[in-house]
Amino acid sequence: MTQPSIGADATTLKETTLIYRQSRWTRLTHWLWAISLFFMLLSGLQIFNARPQLYIGKQSGFEYNNTVFAIGAENTTTGPRGYTEIFGHRFDTTGVLGWSGPAGQQTSRAFPSWATIPSYYDLGTARVVHFFFAWILTTTLVVWLVASLVNGHLRRDLAPRLDDLKRLPQDIIDHAKLRFHHTREYNTLQKMAYGGVLFVLLPLMIITGLAMSPSMNAVLPWLNEVLGGRQTARTIHFTVMLLLVGFFIIHMLMILAAGPINELRSIITGWYRTDPSAHDDKSAERSV
Numbered sequence: 001m002t003q004p005s006i007g008a009d010a011t012t013l014k015e016t017t018l019i020y021r022q023s024r025w026t027r028l029t030h031w032l033w034a035i036s037l038f039f040m041l042l043s044g045l046q047i048f049n050a051r052p053q054l055y056i057g058k059q060s061g062f063e064y065n066n067t068v069f070a071i072g073a074e075n076t077t078t079g080p081r082g083y084t085e086i087f088g089h090r091f092d093t094t095g096v097l098g099w100s101g102p103a104g105q106q107t108s109r110a111f112p113s114w115a116t117i118p119s120y121y122d123l124g125t126a127r128v129v130h131f132f133f134a135w136i137l138t139t140t141l142v143v144w145l146v147a148s149l150v151n152g153h154l155r156r157d158l159a160p161r162l163d164d165l166k167r168l169p170q171d172i173i174d175h176a177k178l179r180f181h182h183t184r185e186y187n188t189l190q191k192m193a194y195g196g197v198l199f200v201l202l203p204l205m206i207i208t209g210l211a212m213s214p215s216m217n218a219v220l221p222w223l224n225e226v227l228g229g230r231q232t233a234r235t236i237h238f239t240v241m242l243l244l245v246g247f248f249i250i251h252m253l254m255i256l257a258a259g260p261i262n263e264l265r266s267i268i269t270g271w272y273r274t275d276p277s278a279h280d281d282k283s284a285e286r287s288v
């Protein structure tokens, strides 16, 4: 199903086409996941503020030397300073992490008030918000997975083929040069990135979240053992969060570079403008 662009000359009308690229179901799940992850991120940072350290293993505390990450504040000769410590290496992060707030009203907190939900310290509310959107994300992901298996979306659009792998080096070069191809099909980097998020990062986020829940110990007593303990699960959970934030940043940059109006129209209305050459080359790659 195609539609010519509006206001173009005869040549452009012949060569440029709007295709119906994203189904209603794809657009709906995309925005549900985006909203859910947004609230989960900010409420998760509030939960992290209750204990701003990460450990590897089954135990944690002053008597154990298994801390791999920490955010805090300390008194110095120049006053309180915030710090972030990664594998024993400490960095001054005053004003952002550890010690932040308006001038004269700074407080000791891992993540600043503007980055958490709620902005003030309220662990109970943060947990309610976090778990509510976590269940929305999990339910939607499971339904999407089943539906995509049934309608062939996974096999047709997301599963990398041999030809995709052969095009990977050129795809990397094109993205590095900000040279994008606007077609219906996902390119190799898209398939790998989206597949990594949908089948690795999000499931791992859900599994580690369940492992941290005391109520799940009776239901899945082996889950903590498989993950190396509750503290290790918490560290993996936090690491996955950082990877998802990194994916989001790159995703936004690619949208801006590839043409934000066209990309946003696709995920809002479903219609996407393709390159003229894309109509005769069904194997052409598609921009992120």
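Residues in the sequence shown are numbered consecutively from 1, following UniProt numbering. Ideal placement from N, C-alpha and C gives every residue a C-beta, glycine not left out.
Residue burial is scored here from C-beta neighbours: glycine 79 has fewer than 16 other C-beta atoms within 10 angstroms and is therefore classed as exposed. Nearest in C-alpha terms to leucine 54, of all of Leu149, His130, Ala233 and Tyr83, is Ala233. The C-beta of glutamate 74 has fewer than 16 other C-beta atoms within 10 Å across all chains shown, which makes the residue exposed. DSSP places tyrosine 20 in the strand class (E or B) of the three-state scheme.
CA-CA distance, serine 148 to tyrosine 121, rounds to 40 Å. Judged by DSSP secondary structure, tyrosine 194 falls within the alpha helix (DSSP H) whose first and last residues are 188-196.
By the C-beta density criterion, proline 52 is buried, having at least 16 other C-beta atoms within 10 angstroms. Annotation: isoleucine 172 to leucine 227 spans about 34 Å, alpha carbon to alpha carbon. Counting along the chain, no alpha helix (DSSP H) covers isoleucine 71; the unbroken beta strand (DSSP E) around it starts and ends at 67-76.
Apart from sequence neighbours up to five positions away, the residues of its chain that approach leucine 137 with a beta-carbon distance below 8 Å are Leu32, Trp33, Ser36, Leu37, Met40, Leu202 and Ile206, ordered along the chain. The way I'd put it, the region 212-220 doesn't touch the region 165-180; fewer than three beta-carbon pairs between them come closer than 8 Å.
Per DSSP, phenylalanine 132 lies in no beta strand (DSSP E); the unbroken alpha helix (DSSP H) holding it starts and ends at 123-151. Shown here, tryptophan 222 sits in coil according to DSSP, grouped into three states, outside any helix or strand.
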